[in-house]
Every structure is written in C-alpha cells, then in structure tokens.
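Going by this note's numbering, 110 is the number at position 45 of the sequence shown; the sequence numbering is gapless. Quick reminder that beta carbons are idealized off the backbone N, C-alpha and C, glycines included. Only a predicted model underlies this, so the values are computations on that prediction, with no experimental measurement involved.
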Amino acid sequence: MLQTLVIAGERKTREMLFTKIKHGQVVITSYPLLRRDIHYYQQIFLILFFRWSTTY
C-alpha cells in the first residue's frame, strides 16, 4: 500500500507536515499551496507531477 501525505491547512500546519514528507510515497496538495510552498518542494523532490482540475 502507498503511504500518502496530504499537505493542507494553515502555514504552521503545513510546515509541521513538511517534516513528515520523506515518509510519504505520494504527497497531495492543491496547486495554490504548491505555488506558495514551492521552496519546500524544491529542496525535496526532483520531479513534480500535478493535475489541474476545474469543475463547471
């Protein structure tokens, strides 16, 4: 089973979750939070995959 980690919430909550990021195999976040926290992701990942979804 894949280990997942959802990064969401207030900045302090997300910062705490970033300390656990190396334990997750799949990290899920929103595109706005990805853009806001890109400096954290750049230190950890070489490749990022994202899917932009809109609902009408």
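Exposed unless 16 or more other CB atoms sit within 10 angstroms - verdict on residue i
| i | result |
| --- | --- |
| I109 | exposed |
| L67 | exposed |
| I103 | exposed |
Boundaries (first-last residue) of the alpha helix (DSSP H) holding residue i
| i | result |
| --- | --- |
| L99 | Y96 to R101 |
| F110 | Where F110 is concerned, there is no enclosing alpha helix (DSSP H), given that its DSSP letter is neither H nor E. |
| T78 | R76 to F83 |
Chain-order list of residues whose beta-carbon lies under 8 Å from that of residue i (same chain, five-residue window excluded)
| i | result |
| --- | --- |
| T69 | G89, Q90, V91, V92 and I93 |
Where the beta strand (DSSP E) through residue i begins and ends
| i | result |
| --- | --- |
| L70 | T69 to V71 |
| I93 | V91 to I93 |
For residue j and residue i, believed in contact at Cβ under 8 Å, the rounded distance
| i | j | result |
| --- | --- | --- |
| R79 | L98 | 7 Å |
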